[in-house]
Every structure is written in C-alpha cells, then in structure tokens.
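Student: Just so we're aligned, residue 23 is where the first sequence starts under my numbering, counting upward by one.
Cβ atoms here follow ideal geometry from the backbone N, Cα and C, with glycine treated the same way.
Small disclaimer: the values here were computed from a predicted structure and weren't measured.
Dropping a structure here in structure tokens format, bear with me for questions.
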Amino acid sequence: MRTSQFPLSTLKETPADAEIISHQLMLRAGLVRKLAAGLYTWLPLGLRVLRKIEAIVREEMDQAGGLEVLMPAVQPAELWQESGRWEQYGPELLRVRDRHDREFCIGPTHEEIITDLLRQEMRSYKQLPALYYQVQTKFRDEIRPRFGVMRAREFIMKDAYSFHIDHASLEQTYALMHQTYCRIFDRIGLKYRPVQADSGSIGGEGSHEFHVLADSGEDAIAFSSDSDYAANTEKAEAMAVGGPRPDASAELASVDTPDTHSIDEVSTLLSVKPEQCLKTLLVKGNDSEVVALILRGDHELNEIKAQNLEAVADPLEMADADAIRTAANCDAGSIGPVGLNTPIIVDRSAAVLANFVCGANENGKHLTGVNWGRDLPDPDNNAIVDIRNVVEGDPSPDGNGTLSIARGIEVGHIFQLGQKYSSAMGATVLNDQGKDTVMTMGCYGIGISRIVAAAIEQNNDDNGILWPASIAPFKVSLIPINLHKSQRLRETVDKLYAELQSAGMEPLLDDRDGRPGGKFADAELIGIPHRLVISDRGLDAGTIEYRARTDTDNQDIAFDTVLEFLQGKLSD
RNA sequence: CGGGGUGUAGCGCAGCCUGGUAGCGCAAUUGCUUUGGGAGCAAUGGGUCGGGGGUUCGAAUCCCUCCACCCCGACCA
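In structure tokens, the structure reads:
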C-alpha cells in the first residue's frame with residue numbers, strides 16, 4: 023500500500039475524551055472514529071488489524087473442528103421469552119419493534135438462536151458433539167460505555183456453542199476450547215492468563231475467563247506463586263488467615279469512641295491494628311429484614327459471594343439508615359455482633375479472631391477484648407463462610423503458595439452451560455436407547471474488537487503503538503528520503519516495493535510529499551514493526567537502513583540482501 | 001439510574017465571572033523556499049458559540065429548559 027492512496031488519518035493531539043492509552047492511540051493512529059457513545063467506525067487501518075485477529079481466530083476454531091455459521095443480529099422476542107431471558111435481561115437488551123409491531127432485540131449474544139437452530143437440525147446422538155461458531159456484531163446497551171472499543175455498546179465477538187449428549191462430552195470440548203483459546207492468544211502474541219470465573223448471568227457450571235494482563239484492566243485477578251491456580255477475585259476463594267483462634271486473654275471492656283465511624287478511625291483512636299477489629303455490615307436479607315455480615319477490619323466484602331448466599335437478598339443491597347437503627351439501635355459505624363438480634367454470617371478470617379474490637383451497638387462506643395464463645399455465642403459452623411475479597415499474600419486455596427493480584431482485561435470467556443437453554447427450549451435428540459435426551463451445551467466467547475484495544479494497552483511506548491507482528495496492519499514501512507529529487511531513487515523504491523509486496527511482506531510505502539520527520543512519526547504512531555529507510559546516500563554506499571519498531575538504533579543492510587534480511591526478521 | 005463535569009472552526013483550547021463586531025495553536029487550501037525526526041514565510045477558507053425559550057437597545061457571556069458527551073459507582077466479550 024502507498025500512503026498517497028491510503029488514508030493515514032493520524033492526529034498529533036490527543037482527543038480530550040480519551041482516557042486510557044489504547045483509546046488515545048486508536049484515535050490518534052486513525053484506527054477508529056466515534057459515531058456516538060459506544061459506537062465506533064473502523065477506518066481502513068483499524069479494519070486491517072481487526073481482520074487479522076479474526077483470521078487467527080477462524081483458523082484455530084476450524085482447526086478445533088468448529089463450523090462457521092452466521093446468525094442474524096436481530097432476533098425475535100419469542101425465543102428470548104422461551105428461554106426466560108426476555109424477562110431476566112434488563113435495559114441492557116436493546117428491544118425494537120418492527121412495522122407490524124412485533125418485538126425483536128438486537129442480539130447481545132446468541133444462545134437462543136443457536137439452540138433453536140440445532141433443536142431443528144439435530145435428531146440423533148450420532149450427530150453429536152457439534153461445535154458451531156460465528157464472528158458477529160453484538161449489541162449490549164451498556165450502562166456506561168467507556169474506554170473506546172474496550173467497552174463499546176456495539177462490538178465484534180466470536181461466539182461458539184457446543185452441543186453434547188452428556189456432560190463428559192461437554193468436558194472434552196470445553197478442554198479443547200481451553201487449549202484453542204491458549205493457542206489463539208499465544209499466536210496473537212499477548213501476555214494473558216486463563217482464570218477461574220464466576221459464570222454470571224449466562225449461567226452454568228464451569229467457567230474460565232482469559233485475561234490480557236494490563237494495569238488499566240477492569241478486573242482484578244489472583245494467581246498463586248507456586249501453582250497454576252488463578253481466578254478472578256470475584257470468584258477466588260479466600261481462606262481463613264490468622265488461625266487457629268487464640269484463647270481469650272483480654273477483659274471485655276466498653277470504651278468511648280466519639281465521632282469514630284470507620285475502622286481506620288477506630289483503630290487509630292484505640293491504637294490497635296485494623297486486623298484486630300471486626301467490621302459489621304448490615305444488608306437486606308431474604309427471610310429477615312437484615313442480615314449482619316462480619317469481616318475482619320482490614321478485609322473487604324465480596325458482593326458476589328455475599329449475594330450468592332441463601333440468606334442474603336440478590337442483588338445485594340446495603341440496609342438503609344432506618345433499618346440499621348431498628349436492627350442495631352445505633353447508626354452505621356457503631357454496629358457490632360455482641361447482642362445483635364439479627365442473623366449473623368461470619369467470614370472465615372473474622373471467626374478466628376480473639377480479643378478483638380467491635381462496635382457496641384451504641385453510638386460513640388466500641389467494645390474491646392471481645393471473644394467468640396465468651397462474650398457472644400460462637401457462630402454456627404454453617405454461618406462461617408467465605409464472603410471477602412482475597413488480598414495480596416493470602417494463601418492459595420489449592421494449598422500451594424500465596425496469591426498475588428494483577429489487573430486484567432477480559433478478552434475471552436468459556437462456559438459449561440449445561441442444559442439451561444436446551445431444557446428451557448426443548449432441544450433434544452434421541453440417545454442410543456431411542457429416548458429423547460436434552461442436549462448439554464457449552465459456549466465460548468472472544469471479544470475480537472476488544473483484543474485490538476487490549477493489544478495496544480499491553481504494547482505501546484511514547485511514540486505510539488507497538489503491534490505484535492501477527493496483527494500489525496502492515497509489516498514493513500518503506501520510507502524514502504528526498505524522493506522527489508532523484509529519478510534513481512524513485513525507480514529503486516518502486517522496484518523494492520514491488521518485491522516486498524510479492525514476498526507477502528505487506529509494505530507501506532510512504533510516498534507522500536513530506537519531510538522525513540513526519541513520516542517517521544506516523545510509522546511509529548501506527549506501530550509498524552519494521553522500517554526501511556532508503557536514500558540516495560544509502561544507494562551510493564549500496565546500503566539501506568533498517569530499524570525495528572522496538573530498536574533504538576539503525577543498522578545498515580547491504581542493499582542486495584534486504585529481502586533475505588527481512589525474511590529472517592519476519593520469521594522470528 | 002445516582003453523584004460530578006464539559007459543550008465555542010476537523011483536533012486541542014481561550015473568551016463567559018464583569019453583556020458591546022468570536023479569538024489562539026495545530027490541521028486544511030494556494031504560492032515560494034525547504035527536505036534524515038512532526039519545516040519557514042506569505043496569503044486564503046472554515047463558526048446556527050449544542051438546541052429551544054426568556055431578560056436586554058444588544059447574549060458565546062445572565063436566567064429557564066431540553067439534548068449530547070465525558071468522569072466516579074452497579075453491567076460484561
């Protein structure tokens with residue numbers, strides 16, 4: 023491609039509404055332009071990157087036995103009513119009516135459609151297992167789209183669905199997809215981790231997320247120092263720390279703590295560590311007005327774990343000021359479990375504390391030297407559960423090593439759906455006994471457009487993008503110096519360009535009438551991995567100048583060996 | 001949806017408080033010079049000041065209202 027015929031819509035200044043580096047660079051490099059909140063147009067340069075990612079995903083999905091289909095983006099309400107999600111989904115589902123006043127939605131995902139298709143196509147267990155996928159535009163009316171294509175409302179996703187006669191078969195395909203995803207992200211060249219995940223609203227049993235590691239990631243993931251254990255912190259199991267519980271040794275006492283409400287304030291005032299305090303949170307209950315959740319002072323509540331508890335209302339909701347007064351006879355900040363007349367749920371680490379500090383259920387007072395079993399009843403065994411977020415240094419739940427926490431961008435998610443959709447929608451086949459059997463399903467997503475942003479987030483420097491070779495829009499930039507002055511240079515450049523082109527090196531020849539500085543800057547901003555600079559000076563010496571995007575120095579290559587040299591670089 | 005903020009040329013911003021002919025930088029166009037790290041000089045084009053309403057002799061500026069966008073929280077590939 024020649025820049026004189028290709029729109030390099032680069033910007034020198036950073037658009038004001040771009041927050042994270044990938045969003046800024048995608049706008050500056052001219053990969054995308056915003057149409058409205060969460061809606062982006064892919065410009066020619068950006069589309070080349072997107073297509074490369076798609077190609078890798080397709081190759082690997084095909085390799086794994088996947089069959090590509092293309093389902094409609096617009097979906098009839100009936101199918102969603104059948105699965106029950108027409109009701110479950112909130113405003114995130116964009117609903118529309120056609121001219122006949124029939125209801126449809128713009129698909130945020132395609133479980134209903136594929137299940138409907140395969141319940142018609144599949145008759146026998148002999149046709150199973152089956153793996154279908156598509157690369158499609160999805161629409162989710164996100165509460166808050168942000169970070170450019172990272173969290174857009176309309177985005178491109180590869181979604182795959184598998185169908186099985188039994189759970190064992192699902193597990194095989196699930197394992198195969200796990201491997202396939204690793205191959206895909208390896209090939210793209212990203213630093214990533216597969217982690218155990220909460221399966222969220224899609225539902226089902228087993229679930230892994232694939233996270234690209236980046237400080238700007240919206241998720242926190244925990245992984246072990248000594249084993250393969252890795253999990254989203256939403257899901258990562260928090261073990262008891264500080265146990266076993268020491269014997270009671272301190273006297274119970276009530277102390278005045280006027281105007282102290284937070285754990286920090288209390289621990290500072292009383293000169294004790296936050297981990298020696300108990301934090302008591304009141305949330306709405308299912309069977310009772312409120313439920314008390316008790317954590318060690320330095321720990322944080324994990325809302326997902328809490329709302330998954332039977333006694334706790336889902337979604338989780340904190341008790342309001344009135345409910346707190348009614349239940350504890352004081353205001354938030356002075357609540358404690360001693361004498362509290364509500365159901366109590368205690369985090370594992372809070373249950374092994376002794377001689378602790380907690381609220382006295384009286385404004386301006388705290389209790390010190392409190393002990394389970396002596397000053398208040400020991401919590402029931404089944405009321406001691408994991409309701410906190412893991413923190414750096416926690417023991418790994420598999421017993422090997424300790425946990426570290428990193429930020430990640432979720433680019434892939436695989437689920438064992440089970441029979442949630444197939445049973446709701448009556449997707450059955452005959453088994454080897456001739457009996458109708460509900461198919462078991464898995465689903466597997468990759469955020470194609472999000473990967474573009476994630477790759478940039480992980481690969482950039484002060485001058486711009488550093489594309490991994492596998493997804494760079496062009497592999498080599500060819501920059502002539504003083505092209506207009508030299509007939510010899512023009513001829514040589516045209517010849518070299520043609521050679522690079524036919525060698526499949528995807529060259530971008532900067533034949534614009536500009537100064538070299540601007541061309542260098544553009545080539546770096548858009549992240550082309552290899553650069554050749556060709557000049558009369560070099561031709562006189564029989565050399566051409568090479569520099570990788572990640573190099574700090576130029577090197578002169580004998581002109582005759584350029585092709586060979588580049589071939590070596592490109593196969594690295 | 002709750003809380004905070006911003007809308008002025010393609011992009012980045014000033015002007016608004018204290019009303020009086022709409023500005024700066026970059027980008028664009030033309031010409032000349034220049035050509036190894038985002039060139040110089042000269043000229044040119046480009047604005048319903050987010051929309052509507054009001055106050056006023058006069059509104060980008062003050063008031064009301066609607067809209068869009070951004071940031072912080074709940075959602076997810």
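Do you know how far the Cα of I556 is from the Cα of K34?
Tutor: If you take the alpha carbons of K34 and I556, they lie about 25 Å apart.
Student: For Y154, which of C465, F437, T279 has the nearest alpha-carbon?
Tutor: That would be C465, whose Cα lies nearest to the Cα of Y154.
Student: Helix, strand or coil for E82? Go by DSSP, reduced to three states.
Tutor: E82 falls in the helix class under three-state DSSP.
Student: Tell me, to the nearest whole angstrom, how far the beta carbon of S125 is from that of A99; I am working on the premise that it is less than 8 Å.
Tutor: Note on residue identity: the sequence assigns Glu, not Ser, to residue 125. Confirmed, Cβ separation roughly 4 Å.
Student: Should D250 be labelled buried (16 or more other beta-carbon atoms within 10 Å of its own) or exposed?
Tutor: D250 is exposed by the Cβ-count criterion.
Student: Buried or exposed for L101, please, with buried defined as at least 16 other CB atoms from any protein chain shown within 10 angstroms of its CB.
Tutor: Looking at its Cβ environment, which holds 16 or more other Cβ atoms inside 10 Å, L101 is buried.
Student: Counting C-beta neighbours from all protein chains within 10 Å, is the total for K148 16 or more, i.e. buried, or is it exposed?
Tutor: K148 comes out exposed.
Student: So what does DSSP say about Q455, is it helix, strand or coil?
Tutor: Coil, per DSSP.
Student: For G106, which residues in the same chain have their Cβ closer than 8 Å to its Cβ, ignoring the five residues on either side in sequence?
Tutor: So the list reads A446, once near-sequence residues are dropped.
Student: CB-CB under 7 Å to S247, same chain, minus the five flanking residues each way: which ones, in chain order?
Tutor: Cβ within range, chain order: G423, T424, S426.
Student: Is the CB-CB distance between V217 and A252 below 7 Å?
Tutor: It is a contact, given that the beta carbons lie within the stated cut-off.
Student: Measuring CB atoms only, is the segment 517-525 touching the segment 467-477, in the sense that at least three cross pairs come out at less than 8 Å?
Tutor: No, they do not touch.
Student: Applying the 10 Å Cβ sphere with the 16-neighbour rule, what's the burial state of P495?
Tutor: That one is buried.
Student: Between T572, I487, P551, A525, which lies nearest to L53 when the distance is taken from Cα to Cα?
Tutor: Looking at the Cα atoms, I487 is the closest of the given residues.
Student: Kindly give me the distance between the Cβ atoms of G381 and I406, rounded to whole angstroms, as I take these residues to be in contact under 8 Å.
Tutor: In fact, because the Cβ distance is near 20 Å, the residues do not count as touching under 8 Å.
Student: Can you tell me whether E81 is buried or exposed, with buried defined as 16 or more other CB within 10 angstroms of its CB?
Tutor: Counting Cβ neighbours within 10 Å, E81 comes out exposed, since fewer than 16 surround it.
Student: V360 by DSSP, collapsed to three states: which one?
Tutor: Correct three-state label for V360: coil.
Student: Is K295 helix, strand or coil when you go by DSSP?
Tutor: Three-state DSSP puts K295 in coil, outside helix and strand.
Student: Under 7 Å, do D558 and L511 count as touching if we go by C-beta distance?
Tutor: Yes. Within cutoff.
Student: So, with DSSP's three-state summary, where would you put I187?
Tutor: Residue state, collapsed to three classes: coil.
Student: Terminal residues of the continuous beta strand (DSSP E) containing G355?
Tutor: Careful: G355 lies outside any beta strand (DSSP E) and carries neither H nor E.
Student: On the DSSP letters alone, give me the boundaries of the alpha helix (DSSP H) that Y251 sits inside.
Tutor: Unbroken run through Y251: none, as it is neither H nor E.
Student: Going straight from the alpha carbon of Q441 to that of P490, what length do you get?
Tutor: Spanning the two alpha carbons is a distance of roughly 39 Å.
Student: What did DSSP end up calling I503 once you bin it into helix, strand or coil?
Tutor: Reduced to three states, the DSSP call for I503 is coil.
Student: Measure the CB-CB distance between C352 and N385 and report whether it falls below 7 Å.
Tutor: Cβ distance < 7 Å, so C352 and N385 count as in contact.
Student: Once DSSP output is grouped into helix, strand and coil, what is the label at L69?
Tutor: L69 falls in the helix class under three-state DSSP.
Student: Look up I367 in the DSSP assignment and say whether it is helix, strand or coil.
Tutor: Three-state result, I367: strand.
Student: What are the partner residues of W64, as DSSP defines its beta bridges?
Tutor: V54.
Student: For the segment 291-306 against the segment 315-327, do three or more pairs of beta-carbon atoms, one drawn from each stretch, fall closer than 8 Å, so that the two count as touching?
Tutor: Yes, since at least three Cβ pairs between the segment 291-306 and the segment 315-327 fall closer than 8 Å, the two stretches touch.
Student: Which whole runs of the beta strand (DSSP E) in the segment 134-188 are 3 residues long or more, in chain order?
Tutor: DSSP runs (the beta strand (DSSP E)) wholly in the segment 134-188: 152-161, 176-186.
Student: Taking the alpha-carbon of D39 as reference, which of A335, R410, K56, I503 has the nearest alpha-carbon?
Tutor: For the residues A335, R410, K56, I503, the minimum Cα distance to D39 belongs to K56.
Student: So is G170 buried or exposed if we call it buried at 16+ other beta carbons inside 10 Å?
Tutor: G170 should be labelled buried.
Student: Helix, strand or coil: which one does DSSP assign to N404?
Tutor: Of the three classes helix, strand and coil, the one that applies to N404 here is helix, per DSSP.
Student: Please tell me whether E256 and D220 are closer than 7 Å, where the distance is taken between their beta carbons.
Tutor: Cβ atoms of E256 and D220: closer than 7 Å.
Student: Can you tell which of A525, Q46, R24, T32 has its C-alpha closest to the C-alpha of E479?
Tutor: Answer by Cα proximity: Q46.
Student: In the DSSP assignment, find the alpha helix (DSSP H) that holds R512 and state where it starts and stops.
Tutor: Taken as a continuous stretch (DSSP letters only), the alpha helix (DSSP H) holding R512 covers 509-524.
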